[in-house]
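Right, one structure below, let's go through it.
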Amino acid sequence: MKFLSYLISGIRLGSIYAIIALGYTMVYGIAKMLNFAHGDVIMIGAYVAFFALYRAGFPLVAALLASVAVCTILGITIEKLAYKPLRSATSLAVLITAIGVSYFLQNAALLLWGSTSKIFPTILDYGFIELFGGELKISYQILITIATCIVIMVCLTLFVNKTRMGKAMRACSEDKDAARLMGINVNSVISLTFAIGSGLAAVASVLLCATYPTVTPTLGSMPGIKAFTAAVLGGIGSIPGAFLGGLLLGIIEVIAKVYISSELTDAIVFSVLVLVLLFKPTGLLGRKTSEKV
Amino acid sequence: MSEYVLETKNLGIDFGGLTAVNNFNIRVEKGDIYGLIGPNGAGKTTVFNMLTKVYEPSRGTILVNGTDIGKMSTIEVNRIGIARTFQNIRLFSDLSVEDNVKIGLHNSGSYSLADSLFRTGKFHSEEKRLHERALELLGIFRLEGFAEHKAGSLPYGAQRRLEIARALATKPCLLLLDEPAAGMNPVETQELMDTIKQIRDRFDISILLIEHDMKLVMGVCEKITVLNFGQVLMNGTPEEVQNDPEVIKAYLGD
Numbered sequence: 000m001k002f003l004s005y006l007i008s009g010i011r012l013g014s015i016y017a018i019i020a021l022g023y024t025m026v027y028g029i030a031k032m033l034n035f036a037h038g039d040v041i042m043i044g045a046y047v048a049f050f051a052l053y054r055a056g057f058p059l060v061a062a063l064l065a066s067v068a069v070c071t072i073l074g075i076t077i078e079k080l081a082y083k084p085l086r087s088a089t090s091l092a093v094l095i096t097a098i099g100v101s102y103f104l105q106n107a108a109l110l111l112w113g114s115t116s117k118i119f120p121t122i123l124d125y126g127f128i129e130l131f132g133g134e135l136k137i138s139y140q141i142l143i144t145i146a147t148c149i150v151i152m153v154c155l156t157l158f159v160n161k162t163r164m165g166k167a168m169r170a171c172s173e174d175k176d177a178a179r180l181m182g183i184n185v186n187s188v189i190s191l192t193f194a195i196g197s198g199l200a201a202v203a204s205v206l207l208c209a210t211y212p213t214v215t216p217t218l219g220s221m222p223g224i225k226a227f228t229a230a231v232l233g234g235i236g237s238i239p240g241a242f243l244g245g246l247l248l249g250i251i252e253v254i255a256k257v258y259i260s261s262e263l264t265d266a267i268v269f270s271v272l273v274l275v276l277l278f279k280p281t282g283l284l285g286r287k288t289s290e291k292v
Numbered sequence: 000m001s002e003y004v005l006e007t008k009n010l011g012i013d014f015g016g017l018t019a020v021n022n023f024n025i026r027v028e029k030g031d032i033y034g035l036i037g038p039n040g041a042g043k044t045t046v047f048n049m050l051t052k053v054y055e056p057s058r059g060t061i062l063v064n065g066t067d068i069g070k071m072s073t074i075e076v077n078r079i080g081i082a083r084t085f086q087n088i089r090l091f092s093d094l095s096v097e098d099n100v101k102i103g104l105h106n107s108g109s110y111s112l113a114d115s116l117f118r119t120g121k122f123h124s125e126e127k128r129l130h131e132r133a134l135e136l137l138g139i140f141r142l143e144g145f146a147e148h149k150a151g152s153l154p155y156g157a158q159r160r161l162e163i164a165r166a167l168a169t170k171p172c173l174l175l176l177d178e179p180a181a182g183m184n185p186v187e188t189q190e191l192m193d194t195i196k197q198i199r200d201r202f203d204i205s206i207l208l209i210e211h212d213m214k215l216v217m218g219v220c221e222k223i224t225v226l227n228f229g230q231v232l233m234n235g236t237p238e239e240v241q242n243d244p245e246v247i248k249a250y251l252g253d
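Going line by line, the protein sequences match chains A and B.
With numbering that gives the first Met the number 0, you'll find the first sequence wraps up at 292, consecutive numbering, no jumps.
With numbering that gives the first Met the number 0, you'll find the second sequence wraps up at 253, consecutive numbering, no jumps.
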């Protein structure tokens, strides 16, 4: 029964990773770049949610929406200012720029809000349900986190497969020049991708702060890197891959922490990535890409 | 209104110090099936890339129905009526055959993002119209049976036909075909020749095509421009081109 409860908390952590990983994987799929500032968008989202909840006194849903709105605009702005001018530059230049944006956001937060951590009081405390005659307790917070992740996955999959804009996104991800020649506005598709990814980062930030209630300027770094690992593990560019990679990573992390060693947790998590990449370099659900001659 | 669907004046492009195409002049009239031929590396695909603004020309002007497209982007060029296919097939291979065509049709779709999110009646009627239109186009290319298949899973010849269908979906006035018969067997090539004539008549468009298969070029093109080392070697009818000593020299050497 203990194992089951660890498994569930692994799935909860994994759900958060999965939501963040979506941001990495969608941006990579469309813009073919690794947006290392994605983790820091989460951090900004957390601060916005914090101030909305405790300074402005917003109810939880309103604070979440405020955070989503700010992050969406932030994501579009970062893309327009920092990445768009580099559309035809080498991928290394874009990568370095992304790291630069990441440091910029962290230091801007440091300047604005200081290095003292802000503590979120419990934001999703609705008690728990008991199963197996009280042997297994699952808090509603965990259920909400997992449910949010599933809803997001289903909506996003429907959006990408069924809607016109979603199909345009898939077309851009395969061949931007051909997409332009079909009259698809590639720039707005890229903007939309950043908007969706950053909006999801805001959702993740609130779920993250419900689990780990300290907000600091470097809050986004570790979850960002873990989610990136999850995206690569699942196959970067693939939406189901981000889901699977996130869940696996969350479960491995919690299980390793409990049964092996809490100090070695991160080492184990990243070793799993190395192992998967050794045997399946495209990630678990990644598509094999063959270079066109 | 100009009498030419496409007219270029002294079109040229340099890559670094290398002049790839220079003084390229062509006049395509309404309803023409026009061939652009020349040895490998003559600059034929480069011309297509300039016409579709994938490359920015270094010199000269391009007029489409009299409109200068010098300042336009690839998307705008597509909107005023130029569509193309590629030498190495560039379908959206992960999307279904029908979705490939629908992406081209979407320019004419008239519902908003809100309509599609809330599944309004307008969305449904518009989607139905697009679906019927897509099947009609696929029917012309004998692809309607494959509508649900992934584009990448089609046989080679069918992929080439789908690329033409996708290009036609954007409602062009000028269709650029880059080696449409490459990799096709003689039977498929013969069918393609019939299809090319059929779509010209049915859609009332002009077609400019690059092709190495001389049987196809001489069989369907009414006018031909020969390109050699980035320069126009000659313009003429198939008979004139076939009997020109300069052209024969360019193809076979001295």
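From the three backbone atoms N, C-alpha and C, an ideal C-beta is built for every residue, glycine too.
Neighbourhood of B:D98 in chain A, by CB distance below 7 Å: K166, in chain order. Three or more Cβ pairs closer than 8 Å define a contact, and the region 25-40 of chain B meets that threshold against the region 191-206 of chain B. Here the region 45-55 of chain A does not lie against the region 265-279 of chain A, with fewer than 3 beta-carbon pairs under 8 Å apart.
The beta carbon of A:L73 lies closer than 8 Å to those of V40, I43, S197 in the same chain, with the five residues before and after it left out.
Take the alpha-carbon of A:Y16 and the one of A:G38: they are about 11 Å apart. With 16 or more other Cβ atoms from the protein chains shown falling within 10 Å of its own Cβ, A:G282 counts as buried. For the region 47-74 of chain B, the residues whose beta carbon sits under 7 Å from a beta carbon of chain A are, in order, T51, V53, T73, I74. Here the region 20-40 of chain A makes contact with the region 189-208 of chain A; the two share three or more CB pairs at distances below 8 Å.
Short of 8 Å from the beta carbon of B:V231, and not among the five residues preceding or following it, lie these beta carbons of its own chain, in chain order: N22, F23, N24, I25, T224, V225. Shown here is that no member of the region 128-157 of chain B has a Cβ falling below 7 Å from a Cβ of chain A. In the DSSP annotation of this structure, B:D212 is not part of any beta strand (DSSP E), being labelled neither H nor E. For B:N24, the enclosing beta strand (DSSP E) stretches over residues 17-28. Judged by their CB atoms, A:I10 and A:G165 are not nearer to each other than the 8 Å cut-off. Around the beta carbon of B:H105, a 10 Å sphere encloses 16 or more other beta carbons of the protein chains shown; the residue is thus reported as buried. When Cβ-Cβ separations below 8 Å define contact, A:A177 makes contact with chain B.
A:A170 reaches chain B at F91, L94, I102, counting residues in chain order whose Cβ is nearer than 7 Å. In this structure, the beta-carbon distance from A:L206 to A:T264 does not fall below 8 Å. Residue environment for A:Y102: exposed (fewer than 16 other C-beta atoms within 10 angstroms of its C-beta). B:R159 and B:I79 have their alpha carbons spaced roughly 24 Å apart. Per DSSP, reduced to three states, the secondary structure at A:M221 is helical. For the C-beta of A:L104, not a single chain B residue is nearer than 8 Å; the gap to the nearest is close to 29 Å. Shortest Cα-Cα distance from B:G138 to any of B:A19, B:G235, B:I163 involves B:I163. For B:N77, the nearest beta carbon of chain A is closer than 8 Å to its own beta carbon.
The Cβ atoms of A:A88 and A:V100 do not sit closer than 8 Å to each other. Counting along the chain, A:I235 sits inside no beta strand (DSSP E), nor does DSSP assign it H or E at all. For A:D174, the C-beta contacts it makes with chain B under 7 Å involve R89, F91, in order along the chain. In the structure shown, the three-state DSSP call for B:N87 is coil.
Shown here, B:Y3 sits in a strand according to DSSP, grouped into three states. For the C-beta of B:R83, the chain A residues within less than 7 Å are, from N- to C-terminus, L180. Straight-line measurement puts the Cα of B:E143 at about 42 Å from the Cα of B:I247.
When B:N184, B:N87, B:G59, B:N227 are compared, the shortest CA-CA separation from A:D176 is found for B:N87. Around the beta carbon of A:S90, fewer than 16 other beta carbons sit within 10 angstroms, so the residue counts as exposed.
In chain A, no part has a C-beta under 7 Å from the C-beta of B:T224; the shortest such distance is about 22 Å.
Between A:I189 and A:A30, the C-beta spacing is below 8 Å. Residues of chain A whose Cβ lies closer than 8 Å to the Cβ of B:R165 are, in chain order, M181. Check the Cα spacing between B:E55 and each of B:N39, B:L5, B:V76, B:G65: the tightest is with B:V76.
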